[in-house]
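What follows is a single structure, written as structure tokens, with notes after it.
In our numbering, the protein residues as written are 1 to 173.
See the structure below:
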């Protein structure tokens, strides 16, 4: 081999060794960085799920508190039947009702005289039901017309217009 060829071969081997050293270095880095990255991702997911769980738990607790406070409102307040009182948004009222579609009563649409407590504005009844009671008084009989949502869950009620004959028994004060 002549001098130039030896020199070129030496340079080539030096570059190959340098390349092999870089590859070994990167393999070494990835041998610990890869698993570390996986651990970081898993820990991040765990933290995110815990925070989400706490957020849902706090939301549920606040909803429970609101529900129990409205229940305690009706428990600690007394039912007022004074006809001069007027139903306002946020009031808890006691009502009786009979619901019908095309003049025919339907299952579950009747309090059967047992009364039902309702917080006006809580949106626990069908859309527009509660709003139609605002401005009325204990002792009033009110015709409330609503339309069941298309996806209400009962085929015989889905999308149907219903008339509820509502008697306002009183307002909790």
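Glycine is no exception: its CB is placed at the ideal position from the N, C-alpha and C atoms.
As the structure is a prediction and not an experimental result, all values here were calculated from the model.
* To do: With DSSP collapsed to three states, give me the class of residue 45.
  => Sequence index remark: in the chain shown, residue 45 carries index 45 (1-based). Three-state result, residue 45: helix.
* Are there 16 or more other CB atoms within 10 angstroms of the CB of residue 145, so buried, or fewer, so exposed? -> Position 145 of the chain shown, counting from 1, holds the residue named residue 145. With fewer than 16 Cβ atoms within 10 Å of its Cβ, residue 145 is classed as exposed.
* To do: Look up residue 85 in the DSSP assignment and say whether it is helix, strand or coil.
  => Here the question's residue 85 lines up with position 85 in the chain shown. Three-state DSSP puts residue 85 in coil, outside helix and strand.
* To do: Would you kindly work out how many angstroms separate the C-alpha atoms of residue 7 and residue 19, rounded to a whole number?
  => Position 7 of the chain shown, counted from the first residue, corresponds to residue 7. Position 19 of the chain shown, counted from the first residue, corresponds to residue 19. Those two C-alpha atoms are separated by around 18 Å.
* Coil, strand or helix - residue 162 by DSSP -> Within the chain shown, the letter at position 162 stands for residue 162. Looking at residue 162 - three-state DSSP - the assignment turns out to be strand.
* Sheet register partners of residue 185 (DSSP bridge) -> This structure leaves residue 185 out entirely; the chain is present only between 1 and 173.
* residue 29 in three-state terms, based on DSSP -> Counted from its first residue, the chain shown places residue 29 at position 29. Helix, per DSSP.
* Asked: How close, in whole Å, do the beta carbons of residue 95 and residue 79 come, if the pair is a contact with beta carbons under 8 Å?
  -> Residue 95 sits at position 95 when you count from the first residue of the chain shown. Residue 79 sits at position 79 when you count from the first residue of the chain shown. No, residue 95 and residue 79 are not in contact; Cβ-Cβ is about 11 Å, not under 8 Å.
* Asked: When DSSP builds the beta bridges, which residues end up paired with residue 132?
  -> Counting from 1 along the chain shown, the entry for residue 132 is found at position 132. Bridge partners of residue 132: none, in fact.
* To do: Check the C-beta distance from residue 168 over to residue 123 and give it rounded, since I have them as a contact under 8 Å.
  => If you number the chain shown from 1, residue 168 lands on position 168. If you number the chain shown from 1, residue 123 lands on position 123. Not a contact, Cβ separation roughly 19 Å.
* If you draw a straight line from the C-alpha of residue 147 to the C-alpha of residue 115, how long is it? -> Working through the chain shown from its first residue, we reach residue 147 at position 147. Working through the chain shown from its first residue, we reach residue 115 at position 115. Taking the straight line from one Cα to the other gives about 22 Å.
* Kindly give me the distance between the Cβ atoms of residue 138 and residue 83, rounded to whole angstroms, as I take these residues to be in contact under 8 Å. => Position 138 of the chain shown, counting from 1, holds the residue named residue 138. Position 83 of the chain shown, counting from 1, holds the residue named residue 83. So it is a contact: roughly 6 Å between Cβ atoms.
* **Rounded distance between the beta-carbons of residue 89 and residue 120, thought under 8 Å** => Residue 120 sits at position 120 when you count from the first residue of the chain shown. Residue 89 sits at position 89 when you count from the first residue of the chain shown. Contact holds; Cβ gap of about 5 Å.
* **Collapsed DSSP secondary structure at residue 143 in the structure displayed** => Here residue 143 corresponds to residue number 143 of the chain shown, with the count starting at 1. Residue 143: strand per DSSP, three-state reduction.
* Asked: From residue 10 to residue 2, what does the alpha carbon distance come to, in whole angstroms?
  -> Position 10 of the chain shown holds residue 10. Position 2 of the chain shown holds residue 2. Distance between the alpha carbons of residue 10 and residue 2: 12 Å.
* Asked: Are the CB atoms of residue 99 and residue 165 nearer to each other than 9 Å?
  -> As a first step, residue 99 must be located in the chain shown, where it is residue number 99. As a first step, residue 165 must be located in the chain shown, where it is residue number 165. A contact, by the Cβ cut-off of 9 Å.
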